[in-house]
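Chains as they are written, first to last, in the numbering used here: chain A, 1 to 112; chain Z, 113 to 228.
Beta carbons: idealized from backbone N, C-alpha and C, even for Gly.
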Amino acid sequence: AQSVTQLGSHVSVSEGALVLLRCNYSSSVPPYLFWYVQYPNQGLQLLLKYTTGATLVKGINGFEAEFKKSETSFHLTKPSAHMSDAAEYFCAVSDSDYKLSFGAGTTVTVRA
Amino acid sequence: DTGVSQDPRHKITKRGQNVTFRCDPISEHNRLYWYRQTLGQGPEFLTYFQNEAQLEKSRLLSDRFSAERPKGSFSTLEIQRTEQGDSAMYLCASSLTQGWRSYEQYFGPGTRLTVT
């Protein structure tokens with residue numbers, strides 16, 4: 001079975017500062033890993049995904065994540081936060097049937 | 113491509129009533145998923161379809177829940193005899209699967225259910 005742990009339910013950053021959201025996974029098979037963003041009262045939007053190949057994955061809106069098998073981690077980063085990055089972020093892992101197992105989410109607030 | 117749509121967006125019902133939600137996936141997508149998201153939590157998998165076949169149901173999906181995708185296009189999720197614990201956001205997602213490869217899931221805006 002797959003599972004995801006997101007460290008920190010809330011992260012507050014200053015505009016222009018680094019955004020770092022932590023995600024650790026557990027999987028019995030080589031994982032597919034995803035980061036989704038959710039704005040209030042909206043569905044989830046895919047930021048980026050790792051399936052195979054290059055371990056550093058670039059996504060939309062300047063986000064990137066690095067798959068580290070030895071650490072079972074898939075942390076999300078953005079070098080410079082923007083006010084529009086305020087949202088809830090979910091890390092997810094997928095099994096062979098492709099259904100997603102999500103973490104509990106991390107809410108990001110951006111201070112002006 | 114208009115994306116995944118869900119109807120209604122909001123539903124308020126009294127305990128014990130039946131409710132039905134609809135999901136229209138992206139037209140060429142052959143897989144359709146239902147998830148439930150409660151406040152402060154990530155979405156939890158409920159069930160999924162490959163075309164019209166329901167391939168898996170989570171233990172979260174009690175006997176009061178039923179999902180259908182009769183023609184392999186839109187899907188409905190019905191909850192009978194609603195309980196207050198059913199209050200949640202119900203999310204639908206669709207994806208394209210070709211052979212061994214599955215592409216990413218696209219989510220709809222969700223249906224927020226409130227049971228009073």
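Check	Outcome
Quick check: what's the CA-CA separation for GLU15/A versus LYS78/A?	11 Å
Determine, using beta carbons only, whether PHE177/Z comes closer than 8 Å to chain A.	no
Find the residues of chain Z that neighbour PHE90/A, judging by a C-beta separation of less than 8 Å, and give them in chain order.	GLY154, PRO155
Could you give the distance in angstroms between the alpha-carbon of SER73/A and the alpha-carbon of GLN129/Z?	44 Å
Taking a cut of 8 Å between CB atoms, which residues from the segment 129–163 of chain Z lie near chain A?	ARG143, TYR145, TYR147, GLY152, GLN153, GLY154, PRO155, GLU156, PHE157, TYR160
Can you find a C-beta in chain A that's less than 8 Å from the C-beta of GLY222/Z?	yes
Out of LYS99/A, VAL110/A, GLY8/A, point me to the one whose CA is closest to LEU167/Z's CA.	LYS99/A
Can you name the residues that DSSP bridges to PHE133/Z?	LEU189/Z
Is it buried or exposed for TYR36/A, if we count other Cβ within 10 angstroms and need 16 for buried?	buried
Residues of chain Z with CB under 8 Å from SER113/A, in chain order?	Only positions 1 to 112 of chain A appear in this structure, which leaves residue 113/A out of reach.
Within 10 angstroms of the Cβ of VAL19/A, are there 16 or more other Cβ atoms? Answer buried if so, exposed if not.	buried
Taking Cβ positions, are GLN149/Z and LEU203/Z nearer each other than 8 Å?	yes
How long is the line joining the alpha carbons of GLN142/A and TYR89/A, rounded to whole angstroms?	An answer regarding residue 142/A cannot be provided, because it is not within the stretch 1 to 112 covered by chain A.
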